[in-house]
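Student:
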Amino acid sequence: MARVLTENQEKFLSVLFEEANGDPFVAKKLAGYSDTTSTSVITNALKEEILEATHTYMARLAPKAAVAFGSALVDPTELGIRDKLSAAREVLDRIGIVKTEKMQVQASGGVILLPPKDPVVEDDD
Numbered sequence: 723m724a725r726v727l728t729e730n731q732e733k734f735l736s737v738l739f740e741e742a743n744g745d746p747f748v749a750k751k752l753a754g755y756s757d758t759t760s761t762s763v764i765t766n767a768l769k770e771e772i773l774e775a776t777h778t779y780m781a782r783l784a785p786k787a788a789v790a791f792g793s794a795l796v797d798p799t800e801l802g803i804r805d806k807l808s809a810a811r812e813v814l815d816r817i818g819i820v821k822t823e824k825m826q827v828q829a830s831g832g833v834i835l836l837p838p839k840d841p842v843v844e845d846d847d
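When the count follows my numbering, it moves up by one through the sequence shown with no breaks and lands on 847 for the last residue.
#1: Given Lys-750, which residues of its chain have a CB within under 7 Å of its CB, disregarding the five upstream and five downstream residues?
#2: Quick one: grab the DSSP three-state call for Ile-772.
#3: Note down the Cα distance separating Leu-738 from Ala-794, rounded to an integer number of angstroms.
#4: So, at 7 Å on beta carbons, what are the nonlocal neighbours of Ala-781 in its own chain, with the 5 sequence-adjacent residues on each side left out?
#5: Taking the alpha-carbon of Asn-766 as reference, which of Gln-731, Leu-814, Val-748 and Asp-757 has the nearest alpha-carbon?
#6: In whole angstroms, what is the alpha-carbon distance linking Asp-757 and Ala-790?
#7: So, is Ile-772 buried or exposed, given that buried needs 16 or more other C-beta atoms within 10 angstroms?
#8: Under a Cβ-count criterion, where at least 16 other Cβ atoms within 10 Å of its own Cβ denotes burial, should Leu-801 be classed as buried or exposed?
#9: Between the Cα of Glu-812 and the Cα atoms of Arg-725, Val-748, Lys-786 and Pro-841, which residue gives the shortest distance?
#10: In the structure shown, what three-state DSSP assignment does Ala-790 receive?
#11: If you reduce the DSSP assignment to three classes, tell me which class Tyr-779 lands in.
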C-alpha cells in the first residue's frame, strides 16, 4: 500500500529528477519548503520514494545507453566515445542489463580423483 504524501513531498519527488536536476536543495525550494526546513529531514522521510524514483530515472536512461552502443558501431571514431560507452555500460549494469559471459568446458577421457578413504577405526570391545 502506497504511503500518503504531503503536497510538498509529492512536488519534491516530481521535480527532483527534472527541474532540480537531481539536486535535493533545489528540489526543496521548488517544492515550496521553507529555507529553515532541513534537506536531510526531507530526504530521510522520503528515502524509499527517492530510491524508487532513482530506479525509474535509470530505467528512462536505458534507451539512450543502448543507443550509445549503436552509435559506436556506426562511428567508432566519435569524439569521447569511450567515455560515452563507459557511462552507458554503467547505466545498463545498474538496471540489470549485463553482459552475459559463457564458459565452455570440454573434457575427453581423463582421470577422476577421489578424496582419500577414511581409515577404518575398530572398536576394542
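We put the beta carbon where it would ideally sit given N, CA and C, even for glycine.
Tutor: Taking the structure as given:
#1: Phe-734, Thr-759, Thr-761 and Ile-764
#2: helix
#3: 31 Å
#4: Ile-817
#5: Gln-731
#6: 40 Å
#7: buried
#8: exposed
#9: Lys-786
#10: helix
#11: helix
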